[in-house]
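**Student:** Each residue of the sequence shown is one higher than the one before, starting from 1 at the first, in full-length UniProt numbering.
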Amino acid sequence: MVWVSLNNRPYKFKFLNSPAGGSFTVEIATNRAKTTLSYNGQYTSDWVDGATYPSDYNKSPGCITTPNMHTQNQSMAAGTAFAISYQSDIKQVTPDNLVVFSVRYHTPWLRLTTYDVPQNLPACPPGGCICAWGWVPNGCGEPNMYHQGFKCQVTGATSVTPLAAPKPPVWCEDNPANCVQGAKQMIYWNQQTGNNIQVDGFDLHGQNKSPAYNSKLGFADGAQNDIFAGPPSNGQPANAAAPPPPPPTSTAAPPPPPPTSTAAPPPPPPTTTAAPPPPTTTAAPPATSSADIEVVCVTRTRAKRNPKATHVSRMHRRRAELNF
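1. Given P122, which residues of its chain have a CB within under 6 Å of its CB, disregarding the five upstream and five downstream residues?
2. Tell me R104's beta-bridge partners as DSSP assigns them.
3. Using 10 angstroms around the beta-carbon of K91, count the other beta-carbons present and answer buried if the total reaches 16, otherwise exposed.
4. Near D226, what residues of its chain come up, given a Cβ to Cβ distance below 7 Å and the 5 sequence neighbours on each side ignored?
5. Using alpha carbons as the reference points, say which of D46, A81, T25 lies closest to S55.
6. Specify the secondary structure class of Y39 as computed by DSSP and reduced to three states.
7. Determine the direct distance from the alpha carbon of V100 to that of P168, and round the result to whole angstroms.
8. Tell me which residues share the same chain as G134 and place their Cβ nearer than 6 Å to its Cβ, disregarding the 5 neighbours each side in the sequence.
9. Going along the chain, which residues of its own chain have a beta-carbon closer than 8 Å to the beta-carbon of P211, five neighbours each way excluded?
10. Looking only at its chain, what residues have a beta carbon closer than 7 Å to the beta carbon of T36, apart from the 5 residues adjacent to it on each side?
11. Given that a residue counts as buried once 16 or more other Cβ atoms are within 10 Å of its Cβ, and exposed if not, what is L204?
12. Does DSSP put K91 in a helix, a strand or coil?
13. So, helix, strand or coil for S60, using DSSP?
14. Which residues bound the beta strand (DSSP E) around C172?
15. Do D89 and S102 have their beta-carbon atoms positioned less than 8 Å apart in this structure?
16. Would DSSP call N97 helix, strand or coil?
17. Give me the Cβ distance between G79 and T107, rounded to the nearest whole Å; I'm assuming they're in contact under 8 Å.
18. Quick one: grab the DSSP three-state call for A132.
19. Does DSSP put A51 in a helix, a strand or coil?
20. For Q153, which of A165, N175, P125, N144 has the nearest alpha-carbon?
21. DSSP has C152 in a bridge; who is on the other side?
22. So what's Q207 in DSSP terms, helix, strand or just coil?
23. I need the DSSP call for S159, collapsed to helix, strand or coil.
24. Would F202 be called buried (16 or more neighbouring beta carbons within 10 Å of its own) or exposed?
25. Determine the contact status of Q224 and P118, defining contact as a CB-CB distance below 8 Å.
26. Does the Cβ-Cβ distance between T155 and A20 come in under 8 Å?
27. Just checking: is the beta-carbon of L98 within a distance shorter than 8 Å of some beta-carbon in chain D?
The structure is reproduced here in structure tokens:
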């Protein structure tokens, strides 16, 4: 079967950056000389071979052969995809750990193509990941399978939830309920060994069935957001205790005014009129009285408060090259 060739392994120390929740743009060309990586880009154009064609370039019912893009027009371009393996050694990459994470319908077509990255794609190991670009043309020539490998890394990752084990895609154009849900393998078809899909008969347009990175096999256009083994996680335990709330603010009520206690004025001394003294008696001395005084005391208390905190995050973008 056609696989990522170990004799044409990804460039050492060069990485394709895939920003989590963002996108990256690659150059698809018939030859590296037709990209900005050669001759300062003087032989490039909007098209894959450096030439110029009408925006509605169409050869239907025939096929476009210049450049040889194996399609009749843009609407019939089969679609391309990027997949990722969380292995740093290309010899450890297999169909069982290479997961499609981004698809672009109606490509290849123009030289610049942009692919979207799932928000929750986790970071790669220290040695990076291995990514692969794939394309299976929809007729217009032999049923070739294009497959190219790259060293890659995920930037701006916020989740640590791993990818689920990918399953082989199945033909489901005529019954979307049969489409494989979740993580899917790349397409391996019409090879001597290692095929993961078989098709026969005709599609809904009356053409011979040809598996491709589009809705016929249940691939959505853009980031594949259903490829994870569980919900996103930042690595914190699910039952981690929430931070305690700030203590309630307690303020003592103002003290009541102390009761006023005033001694009652002493009663006037009784008036005593002495009877005509007998010759041998004298008057008695006047009587007196007094009152008590009460004192009241009140105590006040004050509680402390706790501060609060905030945080921010950001993302990035990057470019790379593809040849076929």
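Note that beta-carbon positions come from the ideal geometry of N, C-alpha and C, so glycine has one too.
**Tutor:** On the basis of the coordinates in this document:
1. Looking up residue 122 in the sequence shown gives position 122. The answer, listed in chain order, is A157, S159, V160.
2. In the sequence shown, counting from the first residue as 1, residue 104 sits at position 104. R104 is bridged to T80.
3. On the sequence shown, residue 91 is found 91 positions in, with the first residue counted as 1. Label assigned to K91: exposed.
4. Position 226 of the sequence shown holds residue 226. Around D226: Q181, G182.
5. Walking along the sequence shown from the start, residue 55 turns up at place 55. With distances taken between Cα atoms, S55 lies closest to D46.
6. Counting from 1 along the sequence shown, the entry for residue 39 is found at position 39. In this structure, Y39 counts as helix in the three-state DSSP scheme.
7. Taking the first residue of the sequence shown as 1, we reach residue 168 at position 168. Taking the first residue of the sequence shown as 1, we reach residue 100 at position 100. Taking the straight line joining both Cα atoms gives about 11 Å.
8. Position 134 of the sequence shown, counting from 1, holds the residue named residue 134. Excluding positions up to five away in sequence, the list reads A81, H147, M186.
9. For the purposes of this step, residue 211 is taken as the residue at position 211 of the sequence shown. Excluding sequence neighbours, P211 sits near V136, P169, W171, I187, W189, I197, V199, L217.
10. Start at 1 with the first residue of the sequence shown, and residue 36 comes out as number 36. Excluding sequence neighbours, T36 sits near E27, T44.
11. For this step, residue 204 is matched to residue 204 along the sequence shown. Exposed, since its Cβ has fewer than 16 Cβ neighbours within 10 Å.
12. For the purposes of this step, residue 91 is taken as residue 91 along the sequence shown, with counting starting at 1. Helix, per DSSP.
13. Looking up residue 60 in the sequence shown gives position 60. Coil at S60, not helix or strand.
14. Here the question's residue 172 lines up with position 172 in the sequence shown. Premise fails: C172 is in no beta strand (DSSP E) and is neither H nor E.
15. As a first step, residue 102 is located in the sequence shown; it is residue number 102 there, counting from the start. As a first step, residue 89 is located in the sequence shown; it is residue number 89 there, counting from the start. Not in contact: S102 and D89 (Cβ atoms no closer than 8 Å).
16. Your numbering for residue 97 matches position 97 in the sequence shown. Coil at N97, not helix or strand.
17. If you number the sequence shown from 1, residue 79 lands on position 79. If you number the sequence shown from 1, residue 107 lands on position 107. Confirmed, about 6 Å.
18. For this step, residue 132 is matched to residue 132 along the sequence shown. Correct three-state label for A132: strand.
19. Your numbering for residue 51 matches position 51 in the sequence shown. It is coil, neither helix nor strand.
20. Looking up residue 153 in the sequence shown gives position 153. Of the candidates A165, N175, P125, N144, the one whose C-alpha sits nearest the C-alpha of Q153 is P125.
21. For the purposes of this step, residue 152 is taken as residue 152 along the sequence shown, with counting starting at 1. In DSSP, C152 forms a bridge with L16, C129.
22. In the sequence shown, counting from the first residue as 1, residue 207 sits at position 207. Reduced to three states, the DSSP call for Q207 is coil.
23. As a working mapping, residue 159 is identified with position 159 in the sequence shown. Three-state DSSP puts S159 in coil, outside helix and strand.
24. For the purposes of this step, residue 202 is taken as the residue at position 202 of the sequence shown. Exposed, because fewer than 16 other Cβ atoms sit within 10 Å of the Cβ of F202.
25. Taking the first residue of the sequence shown as 1, we reach residue 224 at position 224. Taking the first residue of the sequence shown as 1, we reach residue 118 at position 118. Yes, Cβ-Cβ distance for Q224 and P118 is below 8 Å.
26. Indexing the sequence shown from 1 puts residue 155 at position 155. Indexing the sequence shown from 1 puts residue 20 at position 20. Closer than 8 Å, so yes.
27. Given the protein chain composition of this structure (a single chain), no chain D is represented.
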